[in-house]
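Shown next, in structure tokens, is the structure this report addresses.
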Amino acid sequence: MLDILGKVFGRDEAPSKEIAKERLRLVLVHDRATVSPQFLELIKEEVIAVITEYMEIDTDGVEVSIHSLERSVALVASLPIKRMKRAVKAV
Amino acid sequence: MGEVIVITSGKGGVGKTTTAANLGTALALNEHRVVLLDADIGLRNLDVVMGLENRIVYDLVDVTAKVCRLKQALIRDKRFNEHLFLLPAAQTRDKTAVTPEEMKDLTEELKAEFDFILVDCPAGIEQGFRNAISGADRAIVVTTPEVSAVRDADRIIGLLEASEMGEVQLLINRIRPRMVKRGDMMDIDDIIDILAVDLVGVVPEDDCIVVATNRGEPTALDSTSRSGQAFRNIARRVTGEQVPLMPLEAEEGLIARVRHLLGFGS
Ligand SMILES: Nc1ncnc2c1ncn2[C@@H]1O[C@H](COP(=O)(O)OP(=O)(O)OP(=O)(O)O)[C@@H](O)[C@H]1O
Ligand SMILES: [Mg+2]
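Chains A and B, in that order, give the protein sequences. Under this note's numbering, the residues of the first sequence are numbered 2 to 92, in order. Under this note's numbering, the residues of the second sequence are numbered 232 to 497, in order.
The structure is reproduced here in structure tokens:
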């Protein structure tokens, strides 16, 4: 019914500006995600610093990268664990 | 000491030259001393938009190559007494004819004599863009309410921030109130929200701009045109005044409605 009403009033889909905004949002996530290697290196160092408080990791094996998926972009970090600290269990 | 403002966009054809011409005109009308510097080497346009194309003797490259002195290349716009000058781009050279260092020296020299130096930037992000921004204290990024233009504006804003440009402000051009009203055009808030940048003003789509460009008389000279009013408001904001945005939809007065009915445009 709403559909028919929509059609009568010449509105059979979402206002096109909503489509424009959503497309723009996605395209900018992708555009802005093309970050410099230095920036990724910085993130990597900070992530290592935080994680080593809780577990021992193989810092040479750490990888941080940005992955583009179809509808989003993800920061993916791989942190090989060498040993868990006992304190973690207590928390 | 004057200020150098670069007018830039990323995407071509969104209204940089129109903005430079009208902002310069409006500032000059308010008695500021202004130079319009056309940095679009090889595709110069500011001269024709201002109606000064027949007065060119020397150009930007003649100045940087020291073929002539700066003063000799500046074309005085007689409509504004001593307030508006144009430094035209070279038409038969390319963007590499000038270096960023030369542009910086040139704008430094102009700053000593003028209040505002408005640099009309070429489209794109290559050397022409690098040159145009190199002497600038602040930037106005022009966009239209379209996905492609806003996307490119985002890229430019990123590059300007990376180059440590002072203030970066956005100008939204060619807004069509009727389309915004029916939800078929992004509105001001949508765009500002996406780009997260300060707004310097909004200019409506206006037939007067086409007529003005035909004549070589910027709409800022026409006190009745909507776009001219918008540009005069922008000029005041550029000088630090707080000026509210004008309502998008003009209160259609009787005369405007009659004109409209008779087909004199809107
Ligand atoms: N608000 C407006 N209403 C109607 N027409 C406009 C408006 N703004 C600009 N135009 C028209 O759009 C065209 C492109 O404008 P302009 O030359 O200023 O863009 P530009 O960004 O300088 O282009 P380029 O990237 O090629 O240098 C011109 O024909 C101009 O008259
Ligand atoms: Mg132009």
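By construction, the Cβ of each residue, glycine as well, lies at the ideal position given by its N, Cα and C atoms.
Residue range of the unbroken alpha helix (DSSP H) whose run includes residue i
i        : result
Leu25/A  : 17 to 34
Gly255/B : 247 to 260
Pro331/B : 331 to 342
Arg386/B : 378 to 393
Asp269/B : Per DSSP, Asp269/B belongs to no alpha helix (DSSP H); it is in the beta strand (DSSP E), 265 to 269.
Ala367/B : Neither: Ala367/B is in no alpha helix (DSSP H) and is coded neither H nor E.
Val442/B : 438 to 446
Leu41/A  : 38 to 52
Val294/B : 291 to 295
Heavy atom of ligand 3 within 8 Å of residue i beta-carbon
i        : result
Asn312/B : Questions concerning ligand 3 fall outside what the structure shown contains, since the ligands it does hold are ligand 1 and ligand 2.
Terminal residues of the beta strand (DSSP E) in which residue i lies
i        : result
Phe347/B : 347 to 351
Asp429/B : 429 to 435
Gln400/B : 398 to 406
Asp278/B : Not the beta strand (DSSP E): Asp278/B falls in the alpha helix (DSSP H), residues 277 to 281.
Ser514/B : Outside the modelled stretch of chain B, which goes from 232 to 497, sits residue 514/B, for which no answer is possible.
Val237/B : 234 to 239
Lys83/A  : 82 to 85
Ile67/A  : 64 to 69
Leu315/B : 315 to 318
Ile58/A  : 56 to 58
Ala78/A  : 74 to 79
Burial state of residue i, where buried means 16 or more other Cβ atoms lie within 10 Å
i        : result
Tyr289/B : buried
Gln303/B : exposed
Ala50/A  : exposed
Thr323/B : exposed
Asp271/B : buried
Val474/B : exposed
Gly496/B : In this predicted model, Gly496/B has a pLDDT of only 49, less than 50, meaning its place in the structure is not dependable enough to derive any value.
Ile236/B : buried
His263/B : buried
Ser365/B : buried
Phe311/B : buried
Lys242/B : buried
Thr53/A  : exposed
Met2/A   : In this prediction, Met2/A has a pLDDT of 46, which is less than 50 and means its spatial position is unreliable; what the coordinates show is noted afterwards. That one is exposed.
Met85/A  : exposed
Pro478/B : exposed
Leu6/A   : Confidence at Leu6/A is low in this model, with a pLDDT of 49, below 50, so the placement of that residue should be treated as unreliable; the coordinate-derived value is given next. Answer is exposed; the Cβ neighbour count stays below 16.
Asp424/B : exposed
Ser73/A  : exposed
Leu244/B : The residue asked about is misnamed: residue 244/B is Gly in this sequence, not Leu. Classification for Gly244/B: exposed.
Ile20/A  : exposed
8 Å contact criterion, which residue i and residue j should meet: CB distance rounded
i        : j        : result
Gln400/B : Val431/B : 4 Å
Ile388/B : Leu426/B : 6 Å
Arg457/B : Asp429/B : Not really, about 22 Å apart at Cβ, beyond 8 Å.
Leu318/B : Asp308/B : Leu318/B to Asp308/B, Cβ: 12 Å. No contact.
Thr249/B : Ala363/B : Thr249/B to Ala363/B, Cβ: 16 Å. No contact.
Thr498/B : Glu333/B : What is shown of chain B runs 232 to 497, which leaves residue 498/B out entirely.
Arg468/B : Ala257/B : Contact doesn't hold; Cβ gap of about 11 Å is too wide.
Gly255/B : Leu274/B : Gly255/B to Leu274/B, Cβ: 19 Å. No contact.
Lys22/A  : Met396/B : Going by Cβ atoms, the distance from Lys22/A to Met396/B rounds to 27 Å, so no, they are not a contact pair.
Within chain E, partners of residue i - CB distance below 7 Å
i        : result
Met416/B : The chain labelled as chain E is not found among the protein chains of the depicted structure, namely A and B.
Exercise. Of the residues that make up the region 420 to 434 of chain B, which ones have a beta carbon closer than 7 Å to any beta carbon in chain A?
Worked result: From the region 420 to 434 of chain B, only Asp421, Ile425 have a Cβ closer than 7 Å to chain A.
For this session: Note down, in chain order, all residues in the region 13 to 29 of chain A with a beta-carbon under 8 Å from any beta-carbon belonging to chain B.
Result: The residues in question are Pro16, Ser17, Lys18, Glu19, Ala21, Lys22, Arg24, Leu25, Arg26, Val28, Leu29.
Exercise. For the region 46 to 72 of chain A, which residues have a CB atom closer than 9 Å to at least one CB atom of chain B, in sequence order?
Worked result: If the cut-off is 9 Å between Cβ atoms, the region 46 to 72 of chain A has nothing near chain B.
Exercise. Mind listing which residues of the region 352 to 380 of chain B have their C-beta closer than 8 Å to chain A's C-betas, in chain order?
Worked result: Of all residues in the region 352 to 380 of chain B, Glu377, Val378 have a Cβ within less than 8 Å of some Cβ in chain A.
Exercise. Looking at chain A, which residues of the region 384 to 395 of chain B have a Cβ within less than 7 Å of any of its Cβ atoms?
Worked result: Residues of the region 384 to 395 of chain B that bring their beta carbon within less than 7 Å of a beta carbon in chain A comprise Asp385, Arg386, in sequence order.
For this session: Name, going along the chain, the residues of the region 264 to 296 of chain B whose beta-carbon falls closer than 9 Å to a beta-carbon of chain A.
Result: Those residues of the region 264 to 296 of chain B that come within reach of chain A (Cβ to Cβ, closer than 9 Å) do not exist; the list is empty.
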